[in-house]
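Peer 1: Have a look at this one.
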Amino acid sequence: MSLSHVSGNTERPLLHRTVGDVLACAAQEWPEREALVVRHQGVRLTYRELNEQVTRLAKGFLAAGLSPGDRVGIWSPNNTQWVLTQFATARAGLILVNLNPAYRRVELEFALRRVGCRMLIL
């Protein structure tokens with residue numbers, strides 16, 4: 000599997016790391032520095048805390064029977080769980096499908112059938 004490809008200006012080289020790798024490196028380099036602040040939920044996570052929660056969630060996705068390449072839908076406004084899900088799906092090799100939280104039931108059902116999500120996060 001290719002991590003990324005270039006189309007356009009190649010003046011700045013691509014990183015040969017995944018999003019999960021970059022988060023793990025940040026957690027190692029700045030473990031106690033704030034990484035995520037979600038004011039409306041009163042949440043503040045350091046890089047260490049964020050990385051630990053992402054790792055647990057990624058393992059949970061795989062333990063639930065998902066496999067790399069499977070699609071996971073998220074039907075949610077911006078919040079802590081959305082960020083954790085974004086990083087965890089990337090770390091587990093899953094495809095995150097963002098679903099508009101304003102969708103009505105019929106729209107959500109159509110989108111889920113269309114993209115073939117194996118799991119839905121609410």
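Note that numbering that gives the first Met the number 0 gives residue 83 to position 84 of the sequence shown, counting from 1, and the numbers run on in steps of one. Beta carbons: idealized from backbone N, C-alpha and C, even for Gly.
Can you tell me which of the three DSSP states Glu-48 falls into?
Peer 2: Reading the sequence shown from its first residue, position 49 is the one you call residue 48. If DSSP states are grouped into helix, strand and coil, Glu-48 belongs with the helices.
Peer 1: From what residue to what residue does the alpha helix (DSSP H) around Gly-19 run?
Peer 2: Against the sequence shown, residue 19 aligns to sequence position 20. Element bounds for Gly-19: 18-28.
Peer 1: Straight-line CA distance for Val-71 to Arg-11?
Peer 2: For the purposes of this step, residue 71 is taken as residue 72 along the sequence shown, with counting starting at 1. For the purposes of this step, residue 11 is taken as residue 12 along the sequence shown, with counting starting at 1. Spanning the two alpha carbons is a distance of roughly 32 Å.
Peer 1: What do you get for Arg-90, buried or exposed, if any count of 16 or more other CB atoms within 10 angstroms of its CB means buried?
Peer 2: Locating residue 90 in the sequence shown gives position 91, where the first residue counts as 1. That one is buried.
Peer 1: Just verifying my parser: in three-state terms, what is the DSSP assignment at Val-42?
Peer 2: Your numbering for residue 42 matches position 43 in the sequence shown. Val-42 falls in the strand class under three-state DSSP.
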